[in-house]
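Residue numbers (numbering that gives the first Met the number 0): 0 to 242.
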Amino acid sequence: MSTQGRLIGVGTGPGDPELLTIKAAKAIENADVIAFFAKQGRSGNGRAIVQHLISDRAELLPLYYPVTTEIDKGETAYQSQITGFYDASAAAVAARLDAGKTVAILSEGDPMFYGSYMHLHVRLAHRYPTEVIPGISAMSGCWSVAGMPIVQGDDVLSVLPGTMAEAELTRRLADTQAAVIMKVGRNLPKIRRALESAGRLKEAVYVERGTMANAAMIKLAERPDGAAPYFSLVLVPGWEASR
């Protein structure tokens, strides 16, 4: 009877390879299989961050998204395709685990924070020995690069997806001391309007590719409208002394 394999969710951090934890590096170096999420035809950001650590003997298991932004996430077609994708991805990983292999699934930032890894975790963790290795989140990397104290004392920090409805985004921005707005992409104009309506646009800072070699930041009020890259977010500081 074969020995059951081990599942490891590995946080690869916000982009700078030097911000990878020692534990994550060891897990990647020793894994039998390296699984990573990516858009069709691409190698994946998580893999790019840790490429120098992947052993020549390791099997690479790409998990290609069937859709990204082509279909609205609220549509039935999107939900059907993405659910089927996670089911198939979990089955592919399970086949390696049943063969007694250690599978490391790469996750940009932290695996349990807006990470695709979570969809496989809930399908597999109750069936196999599992470990999750946390990673430095994108928001932590970005406010550090920006040198921005974000919260202090009794400040409340809200993490908001830019995909939410404009009215709800405005309400939540008006009801918090500090905010991190993620999933910017094509939502930048809406995010700007919501911040302005909430009276917070002046404080907001736009950061893209934080901690990477081509990182950039600018006051959101000065950033032209238009689509933002995948690795981008908006910071609104809460601590009065930081403004």
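Idealized CB from N, CA, C, for every residue including glycine.
As the structure is a prediction and not an experimental result, all values here were calculated from the model.
Where does residue i sit, in a helix, a strand or coil, going by DSSP?
i: Met163; result: coil
i: Gly215; result: Reading off the sequence, residue 215 comes out as Ala, not Gly. DSSP places Ala215 in strand when its eight states are reduced to three.
i: Thr82; result: helix
i: Ile149; result: coil
i: Arg5; result: strand
i: Met111; result: coil
i: Ser88; result: helix
i: Ser231; result: strand
i: Val32; result: strand
i: Tyr116; result: helix
i: Ser157; result: strand
i: Pro61; result: strand
i: Thr175; result: coil
i: Lys182; result: coil
i: Met0; result: For Met0, the pLDDT reaches just 41, beneath the cut-off of 50, and the residue's location in the model is therefore unreliable, although a value from the coordinates is still provided. If DSSP states are grouped into helix, strand and coil, Met0 belongs with coil.
i: Gly12; result: strand
i: Val144; result: helix
i: Ala37; result: strand
i: Glu207; result: strand
i: Arg222; result: coil
i: Glu239; result: helix
i: Glu74; result: coil
i: Arg56; result: coil
Is residue i near residue j, with beta carbons less than 8 Å apart?
i: Glu207; j: Ala178; result: no
i: Phe35; j: Leu105; result: yes
i: Ile21; j: Ile132; result: no
i: Gly255; j: Gly108; result: Only positions 0 to 242 of the chain appear in the structure, and residue 255 is not among them; the question remains open.
i: Gly12; j: Tyr127; result: no
i: Ala37; j: Tyr63; result: yes
Over what stretch of residues does the alpha helix (DSSP H) that includes residue i continue unbroken?
i: Lys25; result: 21-29
i: Ala98; result: Taken as a continuous stretch (DSSP letters only), Ala98 belongs to no alpha helix (DSSP H), as it is neither H nor E.
i: Ile190; result: 187-196
i: Val49; result: 44-49
Leaving aside the five residues before and after residue i along the sequence, list all residues of the same chain whose C-beta is less than 6 Å from its C-beta, in chain order.
i: Glu239; result: none
i: Thr169; result: Ala193, Ser196, Ala197
i: Val158; result: Val179
i: Asp265; result: The question about residue 265 has no answer, for the chain in this structure spans 0 to 242.
i: Arg199; result: Leu172, Val235
i: Val32; result: Glu58, Leu60, Arg95, Lys100, Val102
i: Val155; result: Thr175, Gln176
i: Asn29; result: none
i: Ala89; result: Leu119, Arg122, Leu123
i: Ile48; result: Thr11, Pro16
i: Ala220; result: Leu200
Whose C-beta lies closer than 7 Å to the C-beta of residue i among residues of the same chain, with five residues either side of it excluded?
i: Thr2; result: Gly99
i: Ile217; result: Tyr205
i: Leu251; result: No answer is possible for residue 251: it lies beyond the span of the chain, which begins at 0 and ends at 242.
i: Gln80; result: Pro65, Val66
i: Gln151; result: Trp238
i: Met0; result: Since pLDDT at Met0 reaches only 41, below the 50 mark, its modelled position is unreliable, and no value is offered.
i: Met111; result: Met117, Val131
i: Ala93; result: Leu123
i: Ala26; result: Ile7, Val9, Ala103, Ile132
i: Ser54; result: Glu28
Along the beta strand (DSSP E) that carries residue i, what are the first and last residues, could you check?
i: Leu200; result: That residue, Leu200, is in no beta strand (DSSP E); it is neither H nor E in DSSP.
i: Ser106; result: 101-106
Excluding the 5 residues preceding and the 5 following residue i in the sequence, name in chain order all residues of the same chain whose CB lies nearer than 8 Å to its CB.
i: Asp224; result: Leu187, Pro188, Arg191
i: Ala215; result: Val206, Glu207, Arg208
Is there a Cβ from chain C that is less than 8 Å from the Cβ of residue i?
i: Tyr85; result: Of the protein chains in this structure there is only one, and it is not chain C.
- Query: Mind pulling the alpha helix (DSSP H) runs of 4 or more residues that sit fully within the region 116-142?
  - Reply: 116-123
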